[in-house]
Structure formats: C-alpha cells, structure tokens
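Engineer:
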Amino acid sequence: MRARLGSGEESTNVWRDIGDFLFGTLRLNVVLVVLMAPLIALCLGVVAPWRSFPTLIAVLWLTSPGLAVAFAAFRDSPAFGRSLLRRQAPAGSAMDSAADSYWRLDEDYAMVRPCVRALRGLWWRTLLAAAPFAGAALVLCVDIVWLAGTGAGAYVAPALATTVLLVLLAWPVAIVVVTERPGVRTAAVLRLALTLVVRRWYFSLLNLLVMLGIFFGLVAQPFLMAAVGNGFLLHLLWANARWMVLPSITPEAADAVRSPAVGRLCYGR
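Position one of the sequence shown corresponds to residue 1332 (the working numbering), numbered consecutively onward.
1) Look at the alpha carbon of ALA1501 and the alpha carbon of LEU1525, and state the distance between them as a whole number of angstroms.
2) Looking only at C-alpha atoms, which of ALA1572, VAL1576, LEU1549 and ALA1558 sits nearest to GLY1376?
3) Could you work out which residue in THR1510, GLY1480, CYS1446 and ASP1407 is closest to SER1432 when comparing CA atoms only?
4) Roughly how many angstroms separate the alpha carbons of VAL1495 and ALA1483, rounded to a whole number?
5) Tell me which residues share the same chain as ALA1492 and place their Cβ nearer than 7 Å to its Cβ, disregarding the 5 neighbours each side in the sequence.
6) Count the other CB atoms within 10 Å of the CB of PHE1402; is the residue buried (16 or more) or exposed (fewer)?
7) State yes or no: is the C-beta of ARG1444 nearer than 7 Å to some heavy atom of the ligand NAP?
8) Please classify ARG1444: does DSSP put it in a helix, a strand, or coil?
9) For LEU1469, which residues in the same chain have their Cβ closer than 7 Å to its Cβ, ignoring the five residues on either side in sequence?
10) If we require 4 or more residues per run, which alpha helix (DSSP H) segments fall completely within the region 1522-1558?
11) Residue range of the alpha helix (DSSP H) that THR1481 falls in?
12) Count the other CB atoms, across all protein chains shown, that sit within 10 Å of the CB of SER1395; report buried if there are 16 or more and exposed otherwise.
13) Are the Cβ atoms of PHE1352 and PHE1405 separated by less than 8 Å?
14) By the three-class DSSP mapping on this structure, what secondary structure does SER1432 have?
15) Can you tell me which of ALA1518, PHE1464 and ILE1580 puts its alpha carbon nearest to the alpha carbon of VAL1498?
16) Residues in its own chain within less than 6 Å of PHE1554 by CB, not counting five upstream and five downstream?
17) Are there 16 or more other CB atoms within 10 angstroms of the CB of ALA1557, so buried, or fewer, so exposed?
18) Tell me the rounded alpha-carbon separation between CYS1374 and GLY1350.
19) At which residues does the alpha helix (DSSP H) containing VAL1576 begin and terminate?
20) Is PHE1534 buried or exposed, if buried means 16 or more other CB atoms sit within 10 Å of its CB?
21) Apart from the five residues on each side of it in sequence, which residues of its chain come closer than 6 Å, Cβ to Cβ, to VAL1529?
22) If I measure Cβ to Cβ from PRO1380 and keep anything under 7 Å in the same chain, skipping five residues before and after, which residues do I get?
23) Is the beta carbon of ASN1571 closer than 8 Å to that of ASN1538?
24) Output needed for ALA1488: all residues of its chain with C-beta closer than 6 Å, excluding positions within five of it in sequence on either side, in chain order.
25) Under the rule that 16 or more other beta-carbon atoms within 10 Å means buried, what is TRP1574, buried or exposed?
26) Can you give the beta carbon distance from LEU1564 to VAL1541, rounded, assuming they're within the 8 Å contact cut?
27) Which value, in whole angstroms, describes the spacing of the CA atoms of VAL1507 and LEU1398?
28) Beta-carbon within less than 6 Å of ILE1371's beta-carbon, same chain only, minus the 5 sequence neighbours each way: which residues are those?
29) What's the C-alpha gap between PHE1354 and LEU1450?
Written out as structure tokens, the structure reads:
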C-alpha cells in the first residue's frame, strides 16, 4: 500500500512539475515579446532579415539582455525546477553559482518583477560581453560580401563563414557565463566562450539546430513563435550552453589538472 501511495505521489509531482514548466514558459514568453520587440519588428518588416545583416546583427546585440533575462529565469525561477534549492548548493558543487538569485522565496510564481530585477542587474554586462561578438560578426560578414565578387572569394569566404558561425555559437555561451559569473572580465568571457564552443563541438552542433529553429520560426511566424515556442527552444539552448559552461567555472574545475587553461580563462588569470 505504501509503495502504491509513493508511486501515486511521484506521478502527481511529475505532472505538477510539467504543468509549472509549461505555465512558466508561457509567462516568460510574454516578457520576451517585450524584451525582444526589436527582433520581432525586424522579422515582421523584412522578408529576408539576413540580407540586411548589419541591421540584423545590431538588433541581435540589442536583444541580448532579453536572452540573459530568459537564462536567469531558467536558472532561478521555481517554475523551471527546484531552482531556489539549487541556488543554496554547496560552494564548488556542480550547481554552485556566484550570482545571486533574482527570484525570492516568496515569488514562486512571479515572473514580471523578477525579470525586471534580472534585467536591471544584467543588461549592461550582457551588452558589454555581446559587443565583441556583434562587431566581429559584422566585420566578417562585410568581408564575405566584399570577397564574393573576387577570385579569392571562393577560397577565403568559406573560412570566414565558418568563423562567423563560431562567433554566433559562442554568443549565447558568453551570455550564460555572464549570468553565472557576473564579475568575470569581458576578455575572459570571450576566450572561455570561444574555447568551449570548439572543445564541446557536439553541444555546439545541437545549439546550432536550436538557433536555426528559433530564427526561422521568428521569420515565418514572429508573434506565434515569440508567444508560444520561443521559451521552449531557448530553454534547450540555455541547458546545452550551461552544461558546456558549468564544468569550467566551478572552483573544482578551475583547479583541475585536465583543464587548467579553461580555469585560467574563466577567472581572468
């Protein structure tokens, strides 16, 4: 009898967690519609946003704080798991983070106020960390367009396109680093993000598919994607990126012999 009761309670908890996740994602999507309004407006007003890549890159940079807010919500909001318990994890554990939680114990189902709190704490650091990626992507894209009409373009353009891809893949990884370690210097964030994208290429490939799904979903149906599907795909992007980042930013990993370079990159040593 006790076994049956225990099984029933576990089943109830699973369905409750699923419901909390779905409801929390929909509420977060409403916040993201506001924070990512420039990107949604661009997708609504331009048939092929990639053709006007300078505007697209500038808009992606402006909406980077919205991505940081979403990542903070996935980490801290109880709607996405027992996040507040994880925030009290022992120092040096896999779930430890130097950043304080933007959700309070009495805000289990709140979304707008904690997101505003996260935006106030992360917007400037996120824009600062994302600026080098945006600048590099812009310069590389200009070079690709310029070389396309030359004889050397067939040889150089593929290498430049691969570099653009690495920069775009490292962009969300850098934002995860900023949300987890707000005090890390920008140069260290850049080096760590680029290093992890190459070293953990399997996660990078999965993130590439997720990012393509988000982008083309916004191009095809901006409001529908932003209101319904954006949060789910962003959660997958965050989970992959954080899984890449966490082993390199905990004190134990920083002192590990197998990855001393990554540890030094993270702490700016």
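Cβ atoms here follow ideal geometry from the backbone N, Cα and C, with glycine treated the same way.
Structural biologist: Checking against the coordinates, here is how it stands:
1) 5 Å
2) LEU1549
3) ASP1407
4) 18 Å
5) ILE1475
6) buried
7) As far as ligands go, the structure on display features none, and thus does not contain the ligand NAP.
8) helix
9) PRO1385 and ILE1388
10) 1532-1551
11) Where THR1481 is concerned, there is no enclosing alpha helix (DSSP H), given that its DSSP letter is neither H nor E.
12) buried
13) no
14) coil
15) PHE1464
16) none
17) buried
18) 31 Å
19) 1561-1580
20) buried
21) none
22) LEU1373, CYS1374, LEU1387 and VAL1550
23) yes
24) ILE1475 and LEU1478
25) exposed
26) 5 Å
27) 9 Å
28) PRO1553 and ALA1557
29) 21 Å
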